[in-house]
Amino acid sequence: MNNAMIEFRHVSKSFSRKGHPVLALQDINLSIERGDIFGIIGYSGAGKSTLLRLINRLETPGEGEVLLNGEPLQACSGQRLQAIKKDIGMIFQNFNLLNSKTVFHNIAIPLILQGRDKAFIQARVAELLAFVDLSDKIHSYPNELSGGQKQRVGIARALATNPSVLLCDEATSALDPHTTVQILLLLQEINRRYGITIVLITHEMSVIQKICHKVAVMQAGRIVEQGAVFDLFAQPQHPVTASFVQSVVHDRLPQRVASFLQRDNGARALRLEFVGATAQKPIINHLIREYAVEVNILFASMSEVQGRILGFMIMQLLGEPDETERAITHLVDAGVKSPMFDLIDTAITGDQFLLALHDTLIMVAVSLGFGALIGVPLGIVLVVCRPGGIVANPVVHQALNPLINVLRSLPFIILLIVILPFTRLLVGTTIGTREPSCR
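Here's what the structure looks like:
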C-alpha cells in the first residue's frame, strides 16, 4: 500500500532570468510518507525553496508532476485547489506577522478567511495559544514579542485550519540556539500529537539531526542523496552530504593530534565506527584485557541521531603484529564497523629525508646535464637558422622553435623537483599523502 503523502515524479522547473532560462530543479523524484518529519537540506541556491513552493502550488512544475494524497496538484483549480491549500500550513523564517494586529488576530486570520463564526474562532485561538504556551500574550502585538514567541505565533497560525501538511521554510534560521531547540521540540510535539506530515527545509544539519526521520540532500537543483537520517549520518555517500554531516558529527582528528601523529614514528592509527548498541558495549576495555596490546585513544566522539548512538574513535594499537591483527579481528567480531581505516602516515625521518634529497639531487643533475647537452646545441642551431642568421633556414627554425620553448620550462620543473622533500615542512604532509581524517 502506498503511504506517500507527497510525491515528486520527474519534476523539473526553470525560471527566466534576463531572457535566459535558469534550471532551478532537475528531475526530482521524491516520496514523503504520511506522518514523517522530512528534511530537505542544501546550500543557498540548491533549489530547496522552489521545491517547497511546488507543494503549496505557489509554483507549478515545468515537467513532471507533484501529487498530494495521490492527486496531481497541477490538475487542480478553483474550489478544489482552495481546499487543498487549506490542508497545507506554512511557517516562515521571518515570521510574516501583521504588526498592526494582535497575537489573537494574527492567528485568527485563516479562520476569518474561512468564514468561521466568532465563537469558533475564539475557542480555536485560545486552544492554539495554550498549545504553543502563549496564552498570556493574546492581546500583545508582534513588536512586543521575542523572536521565539513570534515563531510560536506563526506556528499557531499555520495550525489554525487543522492542516495535514506543515511546510517549514528555514523556520529556525533567525533564532538563537536555545530558542531553535525549543521550536524544534514544538514541531516534534505537533507531529506526535496531531500526526501532521512536516516538510522542513534548512541549511543546518543540526536541525535535521534533532527531529527529522528522513532527509533529502540537494545540490544545484538535484537531489544527490536521500534516505533515513541515521543512515546518511553513519555512511554519507555524496561529498555534499559528508560536508553537512561533518558540521555536527565530529569525526576528524584535531590539528594538534594530527601533528603529534606526524611526529610520532611508530604505531598505525585505526578509525573505528560504533553504531547503535555497539557503542554501549565495553569493547575497548575487553580488548585491553584479552590481548597483549596497548591502546592509545587519540580522538573520540559520540552523537545521538534518531534516538540511536553513533560514535567514532581514532586510536593507536601498540603490540606485536600477530597480536594486533588478532585484536583487530576481535573488533570486527564485536560489531565495530570497518576498523581497518586510514593508516595515518608518520613523519619523515632523517634517513628518509637524506634519501629523498639524494634522489632529488640526482634528478636535478640529470636535468641539468640534459639541458647542457641538448638545450645549448639546439639554441645555437636556432639562432644560426633564424631569418637573417648565418645559415638562414625557415623550415628548421620553425620546427625547433616550439621545442626550445618547451625546454625553457625546464628550470621551473627543476625547482618543483627540488622542493618536494620540503613539502612536509611547508604543509605538514607530503604530496600524495592523505590527510589524517576519518573519511
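If you're matching positions, the sequence shown starts at 1 in full-length UniProt numbering and goes up one per residue.
In this text, a Cβ means the ideal position worked out from N, Cα and C, and glycines have one as well.
A check of alpha carbon separations from residue 205 across 26, 170, 317 identifies 170 as the nearest. Between residue 210 and residue 228, the C-beta spacing is not below 8 angstroms. Around the CB of residue 43, fewer than 16 other CB atoms lie within 10 Å, so the residue is classed as exposed.
In the three-state reduction of the DSSP assignment, residue 176 falls in the coil class, being assigned neither a helical nor a strand state.
Secondary structure of residue 239 (DSSP, three-state): helix.
Taken atom to atom, the span from the alpha-carbon of residue 393 to that of residue 384 is near 8 angstroms. Fully enclosed beta strand (DSSP E) runs of no fewer than 3 residues occupy 37 to 42, 63 to 68, 88 to 91 of the region 27 to 106, in order along the chain. Secondary structure at residue 316: strand, using DSSP grouped into helix, strand and coil. Under DSSP, residue 12 forms a beta bridge with 63. Where residue 324 is concerned, the enclosing alpha helix (DSSP H) starts and stops at 321 to 333.
With a threshold of 16 other beta carbon atoms within 10 Å, residue 70 falls short and is exposed. In the DSSP assignment, the residues bridged to residue 21 are 16.
Note on residue 202: 16 or more other CB atoms within 10 angstroms of its CB, so buried under the neighbour-count rule. Taken atom to atom, the span from the alpha-carbon of residue 163 to that of residue 19 is near 38 angstroms.
Burial check for residue 245: the Cβ neighbour count within 10 Å reaches 16 or more, so the residue is buried. By the neighbour-count definition (other C-beta atoms within 10 Å, threshold 16), residue 94 is an exposed residue. The C-alpha of residue 83 lies about 15 angstroms from the C-alpha of residue 159.
Within the model, the alpha-carbon separation for residue 320 versus residue 334 is close to 21 angstroms.
Excluding residues up to 5 positions away in sequence, 272, 300 lie with their Cβ nearer than 6 angstroms to the Cβ of residue 313 in the same chain.
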